[in-house]
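So the protein sequences, as listed, match chains A and B.
Okay, so the first sequence: first residue is 1 according to this note's numbering, each after it adds one.
Okay, so the second sequence: first residue is 781 according to this note's numbering, each after it adds one.
Note that the Cβ used here is the ideal one computed from N, Cα and C, for glycine as well.
All values reported here derive from a predicted model rather than from experimental measurement.
Below is one structure, written out as structure tokens, with a few remarks after it.
Protein chains: 2
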Amino acid sequence: MKQTLHFIQYLRSSKGLGFMKKYIITTLLISIVFLCKSQSPVSYVNPFIGTNEMGHTYPGATVPFGMVQLSPETDTIQYSIGQGYIKDVYRYCAGYQYSDKTIVGFSHTHFSGTGHSDLGDFLVMPTTGKVQLNPGTTDNPESGYRSRFSHDTENASAGYYSVMLSDYNTKAELTTSARVGFHRYTFPESTQANIILDMVSGIYNYDGKVVWSSIRVENDTLVTGYRQTQGWARERTMYFAMVFSKPIRNYGCRDDAKVVYTDFYRKFNTTKDFPEMSGRKMKSYFSFDTKAGEQILVKLALSSVSTEGAIKNLETEIPHWNFDLVQKQAEESWNKELSRITIEASEEKKIIFYTALYHSFLSPTLFMDVDGKYRGLDHADHQAHGFTNYTTFSLWDTYRALHPLFTLVQQKRTSDMINSMLAHQQQSVHRILPVWSHYANENWCMIGYHAVPVIADAYMKGITGFDTQKALDACISSSTYAPYDGIGDYMKYGYVPADKSSNGASKTLEYAYDDYCISKMAEKMGKPAIASIYAKRSEAFNYIWDSSTGFMRAKKSDGTFQSPFDPMSTEKQGFIEGNAWNYSLYVPQDHLKLIALHGGNKKFISHVDSLFNVKLDEKHFAESEDISAVGIIGNYVHGNEPSHHVPYLYVFAGAPWKTQERIHQIVNTMYHNTTEGLCGNDDCGQMSAWYIFSSLGFYPVCPGSNEYVIGSPTIDKATLNLENGKNFTITAQNLTDKNIYIQQIKLNGIPKKDFIIMHEDIMKGGTLEFVMGAKPKKLR
Amino acid sequence: MKQTLHFIQYLRSSKGLGFMKKYIITTLLISIVFLCKSQSPVSYVNPFIGTNEMGHTYPGATVPFGMVQLSPETDTIQYSIGQGYIKDVYRYCAGYQYSDKTIVGFSHTHFSGTGHSDLGDFLVMPTTGKVQLNPGTTDNPESGYRSRFSHDTENASAGYYSVMLSDYNTKAELTTSARVGFHRYTFPESTQANIILDMVSGIYNYDGKVVWSSIRVENDTLVTGYRQTQGWARERTMYFAMVFSKPIRNYGCRDDAKVVYTDFYRKFNTTKDFPEMSGRKMKSYFSFDTKAGEQILVKLALSSVSTEGAIKNLETEIPHWNFDLVQKQAEESWNKELSRITIEASEEKKIIFYTALYHSFLSPTLFMDVDGKYRGLDHADHQAHGFTNYTTFSLWDTYRALHPLFTLVQQKRTSDMINSMLAHQQQSVHRILPVWSHYANENWCMIGYHAVPVIADAYMKGITGFDTQKALDACISSSTYAPYDGIGDYMKYGYVPADKSSNGASKTLEYAYDDYCISKMAEKMGKPAIASIYAKRSEAFNYIWDSSTGFMRAKKSDGTFQSPFDPMSTEKQGFIEGNAWNYSLYVPQDHLKLIALHGGNKKFISHVDSLFNVKLDEKHFAESEDISAVGIIGNYVHGNEPSHHVPYLYVFAGAPWKTQERIHQIVNTMYHNTTEGLCGNDDCGQMSAWYIFSSLGFYPVCPGSNEYVIGSPTIDKATLNLENGKNFTITAQNLTDKNIYIQQIKLNGIPKKDFIIMHEDIMKGGTLEFVMGAKPKKLR
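Written out as structure tokens, the structure reads:
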């Protein structure tokens, strides 16, 4: 790309070229650029995938695993205390719904694909004319600072977003470095061009969520501040430093909170040109004169530690005003990361694949200043020694496929993420690893101690760079913390009794799997006593198997099963975000035993079949959370996580062709290059990581085992460009829409007779060749 | 003291002494200790002076200029938003009123003598029986955790406080180091002994003042946390670390704020034994079993930076559980500071004198961790390099006599205080020195840039240890900051026009004096151009002299005086906390000109006489702020600051005997060894510092001039034990209640004929001998 651009510049600067010549050459070069670009993975990213309805992705600008996610908010619905869960708040987990007609502004922090939310820090919005400090309503945008927009004017690519804000005839462009959001606003001629900074606006907001906010106008271009919120994160403070490319003409604020001490002595008008603005409901504006087409640029750096840290981040990462350069660097950083897997497939599949990879590389997110300082779980400031600190660990989701994907193509970052989780554990007053943590907080969402499989899986795969003894200790500490989520009872009864803790059946199953991971890790570390204890614990699933119904089932502390039993219901049955039908297939650590419990291969296959074939009635469908109507096949819920491994289970029961069918069905019906192209919450990349693995042809059914189960490849060719310098190439010969069945597998040229590929086989580099056909075939 | 104690221990350990012998010797030694103690300055401190009505002092434990002021709250009245100023809130500026019958608890931060307030951080209260988390009411103490008490059981000395909490039959004892409050509670037998930690309670509280608070139970004896308030200080955060001498049996909390995210997933009961308690209205308790007479000790360390800083302060300052030792160290530190002036006087006078000196040495207060870290005005954390950081600068009050007192007997601390103010200025977004600053905040109370006289006075007196160029720059920056309090108009018009800024006449007079200080400083620094500019500015008082009425008077921007004019009124006349009558005597930098304006010595004396002799009518008395009924002589308001220099003005008009009369009158009628012994707010020690100077026999009428004006000594002998190793001894021969007039003055044996003594004369060491008599006498 770089060379091509130089070539264009060279040609353009040549003397003696006539207008037509120039035109032809330019056209030609644009075509070349397009071709060059069309070959780079980054050109296939479509950030709009999943931005409508259930995907909960955002279209804005970010860099891989970046701290800043600078993206538009199309609405800012609030919780009302006492009214509980509000559907509309849920819709705006990522701040954006593609179907909306207005943009409220651009904020700097967003989760990707979550099913609960927070963030939306430091909403910036350019306007013209009279300063308005309320966002206004969708129906009446004039009532506030928001603007109408058209998707015709909207563009998004990896690291870049732009839109025309039609109410203000102002173009907004966004790009970013890791810690600094970069805005470029092209204004019309105006004697009153404004940039709004709304410290109240936020995602999953409610009246009073902002505990405090503070803005300090350091000089006529530099503004610093912070805000502290009490939301999903109980105590979250983010600092910023914001710099304008043009001196502020005048500025001001309004605090909608009624407080005693604003302007207490009336020495100043604290609402106008007073450089210390603070309060609970603080909205501010900065005004300018603009000529037609004049650009005002804004850089806003984040820090979890201090405004000083934010300034340092700003000065280190973007010490200039070259927006285009930053955009190019963002694009290059994406290209570098996405090139870890190069593929051959149709253009459409490439878009879906690389967007899935893009979504997989959004989080966990960087949470550290350029000098290594970060706010810890203990709300104290820490220095990261020898690692990069990350946050946003949605572990119940991501331990399944996202972190295993990282063990293949993000090994260095895996090590950093483990160090981040170990730091969290050290800073935890409970001394446990993260459950669902973000921004120096544990939000306790979902169940399990699934940091354990992430750590054990990495350890088993030979990933280094963290203290393994500390890691094992942290796993043990997390798995024995009695006050948390029924663990005390789990240790006492061998399972989590339904009458002692909610979702006891799910917890029992997931704890048992996590314990398997500890057992494996301890075994490899030469600690047989610990390994043995946890191996025993990993058998806990047996306790809750009800042979009379043929399901896993919630058991009470008196040893009897909970009644009434509805295996299709996800409510009050002891399961979380899944029903007994699905969860009865969750024993990743011991499929032989699972199949035996189900009565052997035939009955097991029949159960898995029933999952796909049963028709969910309306009541039970309504209970299924976080998914769209297309996210479900019978009772198999792909839009949520508990069954993500299920299509692969046929392999263990000797029916791999059934896996092959289902993988192609899911890949082809549930992932699209559309704004509704994700059938459920992307959950920080778990849904996307499932796609990456499955389209490559294998899946980590049991992280910690070092095994991948072969499904069926859906792309023609893929090469994993590994960090150790090796390449591992997967080819799918004869793959068509109909040729979905594996006829032959060769690993490094040698035919394979099973459907398991080991992690070390991949890491050594080599080739995995599939021959595909239209009919199931037994390997020989 | 130390040697005496060693001697007692030695004797007590001697073998062969019979019981009677032991008894006699012990009795003898107690007498010796008593005599020794009775000779030590600390034994004369009565912390109850000023604790009733207007003094606004607190009786609790603190060390000189200490960060912790651990003192009982006898009520916790709140502001109600919308109701404005409430008299009862004002009564509790220091948390304590002697006339009250109940104690709410013991908090760790208090101002001494202020007329507005804040603080009251981390209220701790021991109780027994059912846990109550509301303070309850005075009328019905059973409705909350407060307790009745009797003054019969109450003791207070420098660094120590104790009381019997009769409702709980629990004795509370308090002592402290600089940064750590130390509690000793002696409980009755109880299965439910509680220690309440109320994070909501505070001084000058209002519903919502606590923005956020957080408590973390680190283990079964260590608790850390912080709270953030929005009050007089806009954004104030204090951290603590609290350690119990006995493991906590169980604990819990209640948050009275309605928030969405408390216990969001109901995984824990966050109100019981859950180690992370946080919220806006958080009250917590820690419970124990106690035997009869069992003592539970609590150490609570403060930090402005972090809980880690608080832990470091705790471990460094009190790494043990020896309460008595800390009490002794506190007493010794007071004795050391109070011994900077040793006096001979009646026992009663000694009590008043040393309590005044004690009150003078309470603030500014230490604001820095043991490692030199402190929170700055920019809300960032800073490291103090080469100085000790102080806060609580009530400069409109204290520039008059308190800081000048420090230039004599606290020179090292003066240097530290100046460095602290310079750091404040550097951190200020306005780039100005403190006005009234506390705890990393500017509260903007009162007027003037009176950090300037503090700095200039110290510089003129040769105090070093700060960057003089930076200091001058800071003074210039503060005096030219146009947006602040009419300074822009002051520079434009030469005075602060009454129609442009409130209290314009007071501001004009005080700015002019501050400008004189800059002029003197610049002159000494060899900067004649600057000196000349500020010398000109220092004449601003001329603009507002109204020769037609013979008063200083508010002038409008059109050059006319404001009407109607009421020289007795303190409201809407352009003066703050004073009237024209008083303020017309405020030109400390040029008394000759002032006297000339008044029409010469005779007319001037007559005006000063009238101040003392006029009868204030009820309306005008009611307007006088911050004083008790005895704090006023005619229209001379000693209970507030603007006239503190006035009794000394007779000297300049050739009538020193009138000064001598008034000094004795004020000293004898307005300072007492009673709980109402201060006739107005002590104002961080200004009232007390006036007493110290005046009883010694001289007063700094014009700080910055290096001159002290001789009044009339009221004690027989005093020695200033100076930091340079020199001693300066003042004697008042023949002093009696009637012999109040100076007959002769000898400086180092040489008779003096004027009533001015220079700072350098004192610093050289030597003697100042007064001979007193019953009738006025001219010096010869």
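Hey, Val124/A and Leu197/A are a contact pair by Cβ (cut 8 Å); roughly how many whole angstroms apart?
Counting from one through the first sequence, the residue named residue 124/A turns up at place 124. Counting from one through the first sequence, the residue named residue 197/A turns up at place 197. The pair is a contact, with the Cβ atoms about 6 Å apart (cut-off 8 Å).
Suppose you measure from the CA of Gln132/A to the CA of Gly115/A; what does that come to, to the nearest Å?
Here residue 132/A refers to the residue found at position 132 of the first sequence. Here residue 115/A refers to the residue found at position 115 of the first sequence. Between Gln132/A and Gly115/A, the C-alpha separation is close to 32 Å.
Would you mind stating whether Met772/A and Ile742/A have Cβ atoms separated by less than 9 Å?
The count along the first sequence starts at 1 and reaches residue 772/A at position 772. The count along the first sequence starts at 1 and reaches residue 742/A at position 742. Yes, they are a contact pair.
Put Pro852/B into one of helix, strand or coil per three-state DSSP.
As a working mapping, residue 852/B is identified with position 72 in the second sequence. Looking at Pro852/B - three-state DSSP - the assignment turns out to be strand.
Does the Cβ of Pro247/A have 16 or more other Cβ atoms within 10 Å, making it buried, or fewer, making it exposed?
The sequence position of residue 247/A within the first sequence is 247, counting from 1. Flag for Pro247/A reads exposed.
Name, please, each residue of chain A whose Cβ falls closer than 8 Å to the Cβ of Trp992/B.
Here residue 992/B refers to the residue found at position 212 when the second sequence is read from its first residue. Those within 8 Å of Trp992/B in chain A are Val211, Trp212, Gln228, Gln230 and Glu235.
Suppose the cutoff is 6 Å on Cβ atoms and the five residues either side in sequence are ignored; what does the same chain contact list for Leu779/A look like?
In the first sequence, counting from the first residue as 1, residue 779/A sits at position 779. Hits under 6 Å: Lys753.
Taking one C-beta from the region 206-223 of chain A and one from the region 409-428 of chain A each time, how about it: are there three or more such pairs within less than 8 Å?
no
Quick one: what's got a C-beta closer than 7 Å to Phe1535/B's C-beta in the same chain, skipping five residues either side?
The residue labelled residue 1535/B in the question sits at position 755 within the second sequence. Excluding residues within five positions, the ones whose Cβ falls inside 7 Å are Val1431, Pro1436, Val1489 and Ile1490.
What distance in whole Å lies between the Cβ atoms of Val217/A and Pro275/A, which are believed to be in contact at a cut-off of 8 Å?
Residue mapping note: residue 275/A aligns to position 275 of the first sequence, counting from 1. Residue mapping note: residue 217/A aligns to position 217 of the first sequence, counting from 1. The Cβ separation is near 4 Å, so the contact holds.
Taking 9 Å as the cut-off, decide whether the C-beta atoms of Met1018/B and Phe902/B are in contact.
Numbered from 1 along the second sequence, position 238 holds the residue referred to as residue 1018/B. Numbered from 1 along the second sequence, position 122 holds the residue referred to as residue 902/B. Contact: yes.
Using the beta-carbon of each residue, which ones in chain B are nearer than 9 Å to Tyr490/A?
As a first step, residue 490/A must be located in the first sequence, where it is residue number 490. Under the 9 Å cutoff, chain B gives no residues; its nearest Cβ is about 14 Å from Tyr490/A.
How is the alpha helix (DSSP H) around Arg1442/B delimited, first residue to last?
Reading the second sequence from its first residue, position 662 is the one you call residue 1442/B. Pro1436 to Met1450 is the extent of the alpha helix (DSSP H) around Arg1442/B.
With Val1431/B as the anchor, note down where its alpha helix (DSSP H) starts and where it stops.
Here residue 1431/B corresponds to residue number 651 of the second sequence, with the count starting at 1. Unbroken alpha helix (DSSP H) run through Val1431/B: Leu1429 to Phe1432.
Name the two residues that bound the continuous beta strand (DSSP E) containing Val732/A.
As a working note, residue 732/A is residue 732 in the first sequence. A small correction: the amino acid at residue 732/A is Ala; Val does not occupy that position in the sequence shown. Counting along the chain, the beta strand (DSSP E) containing Ala732/A begins and ends at Asn727 to Gln733.
Would you tell me roughly how many angstroms separate the C-alpha atoms of Ile32/A and Ser43/A, rounded to the nearest one?
As a working note, residue 32/A is residue 32 in the first sequence. As a working note, residue 43/A is residue 43 in the first sequence. Here the model assigns Ile32/A a pLDDT of 47, short of 50, so the residue's position is not dependable and the matter cannot be decided.
Assign Lys802/B to buried or exposed, taking buried as 16 or more other Cβ atoms, counted over all protein chains shown, within 10 Å of its Cβ.
As a first step, residue 802/B must be located in the second sequence, where it is residue number 22. Note on Lys802/B: pLDDT 49, under 50, position unreliable in the model; no value is reported.
To test your reading of the DSSP string, which unbroken beta strand (DSSP E) runs of 3 or more residues are found completely within the region 266-311 of chain A?
276-279, 282-290 and 295-303
Mind checking Asp1000/B: buried by the 16 CB within 10 Å criterion, or exposed?
The residue labelled residue 1000/B in the question sits at position 220 within the second sequence. Asp1000/B should be labelled exposed.
Residues of the region 1053-1082 of chain B with a CB closer than 9 Å to any CB of chain A: list them in chain order, please.
Asp1053, Phe1054, Pro1055, Glu1056, Ser1058, Gly1059 and Arg1060
CB contact below 9 Å: Gly1354/B versus chain A:
Here residue 1354/B refers to the residue found at position 574 when the second sequence is read from its first residue. It does not; no Cβ of chain A falls within 9 Å.
Gly634/A to Ile455/A, Cα distance in whole Å?
Translated into positions along the first sequence, residue 634/A becomes position 634. Translated into positions along the first sequence, residue 455/A becomes position 455. Whole-angstrom Cα-Cα distance: 34 Å.
Going along chain B, which residues have a C-beta under 7 Å from Pro483/A?
Translated into the one-based positions of the first sequence, residue 483/A becomes position 483. The answer, in chain order, is Phe1048.
Check the DSSP bridge columns for Asn721/A and list the partner residues they point to.
Within the first sequence, residue 721/A is the residue found at index 721, counting from 1. Paired residue(s): Asn727/A.
Specify the secondary structure class of Pro1308/B as computed by DSSP and reduced to three states.
The residue labelled residue 1308/B in the question sits at position 528 within the second sequence. Note: Pro1308/B maps to helix in three-state DSSP.
Between which two residues does the alpha helix (DSSP H) harbouring Met460/A extend?
The residue labelled residue 460/A in the question sits at position 460 within the first sequence. Met460/A -> alpha helix (DSSP H) spans Ala451 to Met460.
What three-state label does DSSP hand Ser420/A in the structure shown?
Sequence index remark: in the first sequence, residue 420/A carries index 420 (1-based). Here Ser420/A sits in helix by DSSP.
Would you say Gly208/A faces chain B, with C-beta separation under 9 Å as the test?
Here residue 208/A is taken as the residue at index 208 of the first sequence, counted from 1. So yes, Gly208/A belongs to the interface.
Completely contained beta strand (DSSP E) runs for the region 41-127 of chain A, where each covers 3 or more residues:
69-73 and 105-107
By a C-beta neighbour count over all protein chains shown, 10 Å radius and 16 as the cutoff for buried, is Leu1142/B buried or exposed?
Against the second sequence, residue 1142/B aligns to sequence position 362. That one is buried.
Would you call the CB atoms of Glu1111/B and Gly939/B closer than 9 Å?
Here residue 1111/B refers to the residue found at position 331 when the second sequence is read from its first residue. Here residue 939/B refers to the residue found at position 159 when the second sequence is read from its first residue. Yes; because the gap between Cβ atoms is below 9 Å, this pair is in contact.
Closest Cα partner of Ser624/A within the set Ile576/A, Ala94/A and Thr109/A
The residue you call residue 624/A lines up with position 624 of the first sequence. The shortest C-alpha separation from Ser624/A is found at Ile576/A.
Can you give me the Cβ contacts of Asn269/A inside the same chain, cut-off strictly under 8 Å, excluding the 5 residues immediately before and after it?
Translated into the one-based positions of the first sequence, residue 269/A becomes position 269. The answer, listed in chain order, is Asp263.
Excluding sequence positions up to five away, which residues of its chain have a Cβ less than 8 Å from the Cβ of Val1085/B?
Your numbering for residue 1085/B matches position 305 in the second sequence. Excluding positions up to five away in sequence, the list reads Tyr1019, Asp1149, Lys1153, Tyr1154, Arg1155 and Asp1161.
Residue burial classification, Arg1317/B (beta-carbon count within 10 angstroms, cutoff 16):
Indexing the second sequence from 1 puts residue 1317/B at position 537. Under this definition Arg1317/B is a buried residue.
With a threshold of 9 Å between beta carbons, is His438/A in contact with chain B?
On the first sequence, residue 438/A is found 438 positions in, with the first residue counted as 1. So, not an interface residue.
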